[in-house]
Each structure stands twice: as structure tokens, then as C-alpha cells.
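Residue numbers (our numbering): 4 to 95.
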């Protein structure tokens, strides 16, 4: 089983509340993020449109973030969930 978060892109207004909620729920240090909202602008003034793409942790089968973590703070549980040990995390 894989864990994912479903986000209705039609309702996303780019407020970044999902980033803040994730950071608070996971007690992340200031520069660490498990969720990021990408903003894409198209067109020229005054006809500019923005689209928002929230990207969350995908709990990959082989998570690259775990492999590259310099302190070993990122780890994967036996059930596939990717977590961060906040005591080891340096927020890189």
C-alpha cells in the first residue's frame, strides 16, 4: 500500500496553507518542507493567468530523499511511510 494526499487543483488558490499545515503537523524546522506549491504564470499583463501545483511527499518505494539525507534524519518505515527525525534534521 502507498500513501498519498489528494488535492483538488480546481480549488487551489495558492494560499500555501497546505505547506504550513504540513510543516506544523510534522514539526519541521524552518527550511524543511514536505509540501511545496509551485506557481506558473502565463500570458502578459493585463491577461496573466496563474496556475498552482501543490506537490507533496509521494512516499516513494525507493525514496531519493532518504538516500541523500546527510544526517540520516529522513527515513522510511517498514510500511513505506517516509518520515523525518526532527532531532537529527538540519533543514538542508
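From the three backbone atoms N, C-alpha and C, an ideal C-beta is built for every residue, glycine too.
The structure displayed is predicted, hence computed values, not measured ones.
Asked, Found
"Assuming residue 18 and residue 37 are in contact, meaning their beta carbons sit under 8 Å apart, how far apart are those beta carbons, in whole angstroms?", "Contact doesn't hold; Cβ gap of about 17 Å is too wide."
"Which partner residues does residue 43 have in the DSSP bridge list?", "54"
"Would residue 95 and residue 66 qualify as a contact pair, given that the criterion is a beta-carbon distance under 8 Å?", "no"
"Can you tell which of 53, 58, 41 and 22 has the C-alpha that lies nearest to the C-alpha of residue 33?", "22"
"For residue 87, does the three-state DSSP call read helix, strand or coil?", "strand"
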